[in-house]
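In the order they appear, the protein sequences are chains A and B. To convert, take the position in the first sequence, counting from 1, and add 355; that gives our numbering. To convert, take the position in the second sequence, counting from 1, and add 112; that gives our numbering. Below is one structure, written out as structure tokens; the observations come after it.
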Amino acid sequence: MTGLSRRRLLAAVAGAGALALTGCAQRGDDTSSGRFQGAEIDPPMPRPRFTLNTTQGERFDFFEQTRGRMTLMFFGYANCPDICPIHLANITQALEVQADLSATTTVVMASIDPVRDTPESLRRYLDGFDSRYVGLTGSKGELAAAQDAFGIARATEIDGDGRVSHSSAVFGFASDDLGYVQFPSQTRQSVYIHDLPVLAALGDPAGG
Amino acid sequence: MNWWCTSSSEPWSWTWRAYPGVWLAVLGLAVPYLVALRRRRAASGRAEGDGKRAAQFLAGVAVLWLSFDWPLGLLGAGYLATAHMLMFMLVTQVAAPLMLLGTPEWMFRRITSRLRITRAVRWLSRPLRAGVVFNVFLLATQTPFVVDALRPIAATSFLLDVMWLLAGIILWIPLIAPAEELRTPSYPGRMVYLFLAAGALPLIPGGFLTFSDAALYRIYELAPRVWDGFGAVTDQQVAGAVMKVGSLPIVWPVIFALFVQWANRERRADTQRPRPDRPPGRAPSVA
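Written as structure tokens, this is what we have:
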């Protein structure tokens, strides 16, 4: 093998490696076409109205207290073994990458397990991701009304193993108070990293 | 029940699980080795170093077992990029060289002859080729797209692990091939080869993993967490660090050992070389 062809071989290997580890991996798993990599809500949904309690015990009117802010909202529970911690971890990572959006985005998780998720345990759980995240709890009736306001199936307890079947979608609202995008379970960090600036621009009269 | 460890959306549990394919693979390596050794002893008597070689080979097989079976195999197949990288390191840097060291020359020649890979092995024994092929294997089998595609199915997950073992064997052939003519003759050449092939080039992909903003591997990003607070990006960063420095505890001691061997050989050669003040042809006696 000549020196030149050796160098070419090594250069090709290095180039292929760089492409392999970056290009292939940066693709999000597209669940929709168009401006979002998450599932676009068409037509956009108005920000719903419901009231629950925060982990500090204060009443939280979702519409009024998130109005005008980019908001990511989902229903989950602290004992959830898979969907909820992955959503929270991936949102947290995306907001670390899009640091300028971190201060203007409200992340809300409403617990659909009011028996086990006490305000204290829910607070502790969310603090494991970001202490700014809003945790909401309420009575079964209030939680049912909140889920109805989003038009999603109500959570039901799976017999025996303590797991709860619940909607896995994270709803993304822009600051114009419209929900444009849903992030289903298995949504990757790269999808949030792509979609959050798009959502921010939609709510911004200058950028949208 | 899966026969080989695969990725899964099930929450991680420390409850033991059986992977019979791993046991069969381990037995498939160890039993024919021991049978062949025994037959050889029966035919030609016990050869010097047989016991040590058998211990090395079986230790290599044991490391393979540890790597592929529960819990490390399952963690690496579907839950933690760190475990995945640890498996890679164990297979390529520990199991493969131990198995090569434990293979007697006659067995190595018989295997390569029966598999008709003697010429291929000779071609691969050149350090540049072996280094390039090992690093191509490394990149190909660490690419997120490949790992995400192969790990969910038992057969392809098995294939990935076999590729790692092959990559490890290819890496170590120029250094410790059982057939002497396949080993790189020059000690400096061996040291440079090992440093570049196993120590320096993996720094590049390891760097991608360490410095990426987002999780690159889908299966590890979306797997249920094994430990609270050990998120996908942290896991990936640790995996990148393992790729970058994980081979160093093997590579540097081996380089040091090669250096010592080289120095000893040079010293012996010096003492045997005729001195200018002595009549030509009279070498000093060696104590």
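All C-beta atoms, glycine included, are put in the ideal place defined by N, C-alpha and C. The structure presented is a predicted model; accordingly, all values stated were derived computationally and were not measured.
Here P365 of chain B is exposed. Its C-beta has fewer than 16 other C-beta atoms within 10 Å. T447 of chain A and A465 of chain A have their C-alpha atoms spaced approximately 17 Å apart.
Excluding residues up to 5 positions away in sequence, M464, Y488, G490 lie with their Cβ nearer than 7 Å to the Cβ of L481 of chain A in the same chain. Only residues of its own chain outside the window of five on either side were considered, and among them F169, G172 have a CB closer than 6 Å to the CB of M211 of chain B, listed in chain order.
Looking at the DSSP output, R414 of chain A sits in a beta bridge with A:N408.
DSSP, read as helix, strand or coil, puts Q537 of chain A in strand. Neighbourhood of P552 of chain A in chain B, by CB distance below 8 Å: empty, with the nearest CB roughly 14 Å away. The C-alpha of G133 of chain B lies about 21 Å from the C-alpha of G280 of chain B. Residue range 208-213 is occupied by the alpha helix (DSSP H) that includes M211 of chain B, with no beta strand (DSSP E) assigned at that position. Looking at the backbone, the Cα of L213 of chain B and that of D472 of chain A are separated by about 57 Å.
A Cβ-Cβ contact shorter than 7 Å links V338 of chain B with W124 of chain B. If you draw a straight line from the Cα of V175 of chain B to the Cα of V206 of chain B, it is about 7 Å long. Using a Cβ-Cβ distance cut-off of 8 Å, the stretch 421-441 of chain A and the stretch 517-533 of chain A are in contact, since at least three pairs of beta carbons, one from each stretch, lie closer than that value. Linking S494 of chain A to P469 of chain A through their CA atoms gives a straight-line distance of about 7 Å. With respect to the 7 Å criterion, A189 of chain B and S269 of chain B are classified as neighbours on the basis of their beta carbons. A distance below 7 Å separates the beta carbons of L313 of chain B and N247 of chain B. The distance from the Cβ of H549 of chain A to that of Q392 of chain A is about 5 Å, consistent with a contact at the 8 Å cut-off. Interface residue (Cβ-Cβ distance to chain A less than 7 Å): E333 of chain B is classified as such. In this structure, A137 of chain B lies away from D347 of chain B, with their beta-carbon atoms at least 7 Å apart.
Cα atoms of Q373 of chain B and G163 of chain B: separation of roughly 23 Å, rounded to the nearest angstrom. Within the same chain, W276, A279, G280, L283 come within 7 Å of T204 of chain B by CB-CB distance, once the 5 residues on both sides are set aside.
Here the stretch 218-235 of chain B makes no contact with the stretch 243-260 of chain B; the two share fewer than three CB pairs at distances below 8 Å. If you draw a straight line from the Cα of M303 of chain B to the Cα of A381 of chain B, it is about 20 Å long. Under the rule that a run must span 4 or more residues, the alpha helix (DSSP H) segments found entirely inside the stretch 285-332 of chain B read 299-306, 315-323.
In the three-state reduction of the DSSP assignment, E160 of chain B falls in the coil class.
Shown here for L236 of chain B: same chain residues with a beta carbon closer than 7 Å to its own, the five before and five after excluded, namely A242, V245, I282, I285 in chain order.
Beta-bridge partners of F528 of chain A (DSSP): A:T426, A:G534. For A465 of chain A, there is no enclosing alpha helix (DSSP H); the residue is part of the beta strand (DSSP E) that begins and ends at 460-466. The beta-carbon of P436 of chain A is placed less than 7 Å from the nearest beta-carbon of chain B.
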